[in-house]
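Accompanying notes for the structure given below.
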């Protein structure tokens with residue numbers, strides 16, 4: 003194994019120290035080993051808890067509109083305030099993990115978010131609920147910012163797409179389960195009880211994550227000196243591809259959250275007049291995302307991210323077009339295709355970050371996910387304006403515009419020159 007003796011920390015700048023320690027050959031986790039299984043199962047549990055806690059509130063939005071006498075855009079704040087605070091937290095927790103380590107930050111984040119969810123179920127007022135949702139988002143930034151970095155550091159580069167896809171599959175199951183559980187429960191019990199159930203499940207997932215996730219072997223502590231942090235951010239924005247990937251995350255997530263924020267309002271109204279439990283059951287469309295995240299992630303490892311990303315966005319556009327028709331089976335098929343494309347696109351783009359960022363990977367992941375959740379907050383709430391102005395046609399126009407931008411970005415990424423010494427990034 004290649005080794006290197008790093009200079010003493012006081013003899014070099016933080017950036018030079020990063021260069022020196024990066025010369026040490028990493029010991030990667032190989033596909034098919036017990037440690038690989040432990041890693042993907044742990045990150046699967048973490049992704050499950052993150053998305054269940056974030057998106058369990060989506061089916062409640064029409065109910066909250068009625069209970070608190072607020073409109074759809076105001077009701078969407080129960081999600082947008084969480085994803086907004088998560089986005090802000092990403093700029094803090096990513097660099098912290100570069101200093102103190104990956105696993106401690108992720109474990110603390112999961113337990114804190116689960117406890118805040120339980121507390122939110124006991125809040126007596128709308129403003130109290132929003133405060134707790136903000137704390138949940140801030141807590142979850144500790145896992146969202148670090149999970150991708152952990153995988154890019156510990157998993158062999160040939161298997162990052164698969165591992166990232168399995169992690170995002172956990173996200174998909176969490177998002178589906180959170181919506182499904184609350185969507186069905188609130189027909190029979192109060193939304194407070196439904197939130198309590200989700201918080202309890204998240205505590206279990208946090209315990210599993212803590213027990214089975216292997217400790218980092220390739221983590222190199224990085225200085226939290228402001229100059230070092232600024233150098234890292236500057237380096238990422240000077241790269242030809244990373245800023246495009248950040249923007250891609252914003253528009254893709256904005257499109258996805260907008261569709262699922264307001265589809266419930268459409269299906270509860272004429273001509274469908276569906277009950278809340280059945281709308282909640284439609285969260286099973288996430289199963290297509292569970293499959294596509296791992297399948298397309300592995301396909302990107304084989305064919306290259308440049309060839310796969312744009313195709314997944316075309317699938318999203320096709321799915322969106324089907325939701326514009328009236329027959330319910332066609333709408334559901336459109337939701338399935340849209341979800342399949344989104345999770346595939348996110349799997350490809352997020353694994354691309356870890357390959358494209360050669361240093362300060364925690365900061366790169368934080369910037370990607372900051373854009374991702376900023377898109378959720380901004381577009382998810384802005385979509386309410388289009389819903390009130392044009393109903394589902396207005397939503398379709400808004401999402402379609404976002405996806406056209408996403409497609410143009412993907413085509414631009416496909417034409418980028420390769421990094422020096424790289425075969426596919």
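Residue numbers (the working numbering): 3 to 427. Where a beta carbon is used, it is the ideal one built from N, C-alpha and C, also for glycine.
- Straight-line spacing of the CA atoms in residue 237 and residue 132 works out to 36 Å.
- Residue 188 carries a coil assignment under DSSP once its states are collapsed to helix, strand and coil.
- Judged by DSSP in its simplified three-state form, residue 94 adopts helix.
- Straight-line spacing of the CA atoms in residue 417 and residue 39 works out to 35 Å.
- Taking the CA atoms as reference points, residue 212 sits about 10 Å from residue 113.
- Spanning the alpha carbons of residue 406 and residue 103 requires a straight line of approximately 38 Å.
- The distance from the Cβ of residue 386 to that of residue 75 is about 3 Å, consistent with a contact at the 8 Å cut-off.
- Taking residue 246 as the centre and dropping the five residues before and after it, the same chain places the C-beta of 411, 414 and 415 closer than 7 Å to its C-beta, in chain order.
- The continuous alpha helix (DSSP H) containing residue 67 extends over residues 63-70.
- Around the CB of residue 69, fewer than 16 other CB atoms lie within 10 Å, so the residue is classed as exposed.
- Excluding the 5 residues flanking it on each side, residue 154 has same chain C-beta neighbours closer than 7 Å at 162, 356 and 363, in chain order.
- Taking the Cα positions, residue 207 is about 21 Å away from residue 99.
- No residue range can be given for residue 125, since it is assigned to no alpha helix (DSSP H) and is classified by DSSP as neither H nor E.
- Contact annotation: residue 292 and residue 174 have beta-carbon atoms nearer than 8 Å.
- Within the same chain, and ignoring the five residues on either side of residue 279 in sequence, the residues whose Cβ sits closer than 6 Å to its Cβ are 186 and 189.
- Between residue 314 and residue 347, the beta carbon gap of about 4 Å places them in contact (Cβ cut-off 8 Å).
- Remark: C-beta atoms of residue 64 and residue 270 approach each other more closely than 8 Å.
- DSSP places residue 307 in the uninterrupted alpha helix (DSSP H) bounded by 307-325.
- Assigned with DSSP and collapsed to three states, residue 157 falls in strand.
- Taking 8 Å as the cut-off, the beta carbon of residue 92 is found no closer than this to the beta carbon of residue 51.
- Around residue 157, the same chain offers 31 and 165 as residues with beta carbons nearer than 6 Å, after the five sequence neighbours per side are excluded.
- With contacts defined by Cβ atoms closer than 8 Å, residue 96 and residue 367 form a contacting pair.
- Closest by C-alpha distance to residue 301, out of 335, 73, 353 and 191, is 353.
- Around the Cβ of residue 250, a 10 Å sphere holds 16 or more other Cβ atoms; the residue is buried.
- Apart from the 5 residues on each side of it in sequence, residue 94 sits with its Cβ closer than 8 Å to the Cβ of 143 in its chain, given in chain order.
- Under DSSP, residue 31 shares a beta bridge with 157.
- Residue 215 sits in coil when the DSSP states are folded into three classes, being neither helix nor strand.
- With contacts defined by Cβ atoms closer than 8 Å, residue 201 and residue 123 form a contacting pair.
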